[in-house]
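Heads up, the sequence shown is in our numbering, so the first residue is 177 and it goes up one at a time. Reviewing the structure listed below.
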Amino acid sequence: ESPFCAIQGFTITNGQFDSGGAICGVADIDGPYWVASQSTIRRNIISGNSGEWAGGIGRHIGLVEQNIIVGNSAEYCAAVLGGTEVRNNLIISNRVTGASGLIVSGILRNNTIWGNIVGPGSYVVSPHGNTTMENCIVYGNGGGGVQVWDYTRPSNCCIEGWTGGGQMNISVDPLLTDPFHGDFNLL
C-alpha cells in the first residue's frame, strides 16, 4: 500500500499471526524477502493481539500515529516492529519475552510508553539504525529489562533510570494523573 492508504478508526483485538497479530505489512511471508506496508495506521485501538515477531503491528514502514496499543504480546516485539514515524501513541501494558518491547526504524516522537514488560536483558525501546527519539515518556516499565537502548540519543524525553546521552532529558517520575486507571495526563 502507499502512504495514502489508511487503517483508521478500528478496534483490532485478539489477532494472532507470526509477524503482527493485529496488522502485518508483509506480502511474501515464506519468501526470501518481506515487503513492508507503507500505509498510515491512525486512531486505532490495537489490543490483546499476539505473534512471534510482533504482537501489535509488524513489518510496517509507514506512519503510526494516535493509536492506543495495549495488552499485546510476542516473543520478539510486543507493540510495533517497524514504522517510519511512530508518534502520539499510547503504548501500554504490552509484554515481550525476547528481544524488545518496541522496535522503531525511523522517528519516535510524543509517545507515552508505560507499564510494558520485557524479559531480562531486553529493551523497552530498541531502535535500529538512525532513530530520532523526541518528547517521549518511557516510564513504569518492568520485567528486568532496560528502558531505552544505550545507543539511542533522545531529546526532551522522560526516561526512567536514564543516564545516557541526548539533550534535555529527565529521569524523574513524570507524575501521570492515574495511569493505573487509564489517565495518562500529566498532573
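Note that CB positions come from ideal geometry on N, CA and C, so glycine has one too.
Give a yes or no on whether the C-beta atoms belonging to residue 269 and residue 286 are separated by under 8 Å. Translated into the one-based positions of the sequence shown, residue 269 becomes position 93. Translated into the one-based positions of the sequence shown, residue 286 becomes position 110. No, the pair does not count as a contact, with Cβ atoms beyond the cut-off.
With residue 338 and residue 299 assumed to form a contact (beta carbons below 8 Å), what rounded beta-carbon distance in angstroms separates them? Locating residue 338 in the sequence shown gives position 162, where the first residue counts as 1. Locating residue 299 in the sequence shown gives position 123, where the first residue counts as 1. The beta-carbon separation of residue 338 and residue 299, rounded to 12 Å, does not stay under the 8 Å limit for a contact.
At what residues does the beta strand (DSSP E) containing residue 361 begin and finish? Locating residue 361 in the sequence shown gives position 185, counting from the first residue. It spans 359-362 - the beta strand (DSSP E) in which residue 361 sits, taken as one unbroken run.
Taking the DSSP output, what are the residues bridged to residue 294? Position 118 of the sequence shown, counted from the start, is the residue given in the question as residue 294. DSSP lists 272 as partners of residue 294.
Residue 239: buried (16+ other C-beta within 10 angstroms of its C-beta) or exposed? The count along the sequence shown starts at 1 and reaches residue 239 at position 63. By the Cβ neighbour-count rule, residue 239 is buried, with 16 or more other Cβ atoms within 10 Å of its own.
State the Cα-Cα distance for the pair residue 208 and residue 183, rounded to the nearest angstrom. Within the sequence shown, the letter at position 32 stands for residue 208. Within the sequence shown, the letter at position 7 stands for residue 183. Note that residue 208 scores a pLDDT of 49, beneath 50, so its modelled location is shaky and nothing firm can be said.
Tell me the residue span of the beta strand (DSSP E) that contains residue 263. In the sequence shown, the residue the question calls residue 263 occupies position 87. Note, residue 263: beta strand (DSSP E), 261-263.
Measuring only from the beta carbon, is residue 266 closer than 7 Å to any heavy atom that is part of the ligand NAP? In the structure on display, the ligand NAP does not appear, and there are no ligands present to speak of.
Entirely within the segment 299-329 and at least 3 residues each: give me those beta strand (DSSP E) ranges in chain order. Listed in chain order, they are 299-301, 308-310, 313-315, 322-324.
Residue 253 and residue 284 - do their beta-carbons sit closer together than 8 Å? For the purposes of this step, residue 284 is identified with residue 108 of the sequence shown, where counting begins at 1. For the purposes of this step, residue 253 is identified with residue 77 of the sequence shown, where counting begins at 1. Not closer than 8 Å, so no.
Could you tell me the distance, in whole angstroms, from the CA atom of residue 266 to the CA atom of residue 350? Start at 1 with the first residue of the sequence shown, and residue 266 comes out as number 90. Start at 1 with the first residue of the sequence shown, and residue 350 comes out as number 174. Roughly 15 Å between the two C-alpha positions.
If we ignore side chains and look at the alpha-carbon of each, how far apart do residue 217 and residue 225 end up? As a position in the sequence shown, residue 217 is number 41, starting the count at 1. As a position in the sequence shown, residue 225 is number 49, starting the count at 1. In a straight line, the C-alpha of residue 217 is about 16 Å away from that of residue 225.
Distance, residue 273 Cα to residue 193 Cα: Residue 193 sits at position 17 when you count from the first residue of the sequence shown. Residue 273 sits at position 97 when you count from the first residue of the sequence shown. The straight-line gap separating the alpha-carbon atoms of residue 193 and residue 273 is approximately 16 Å.
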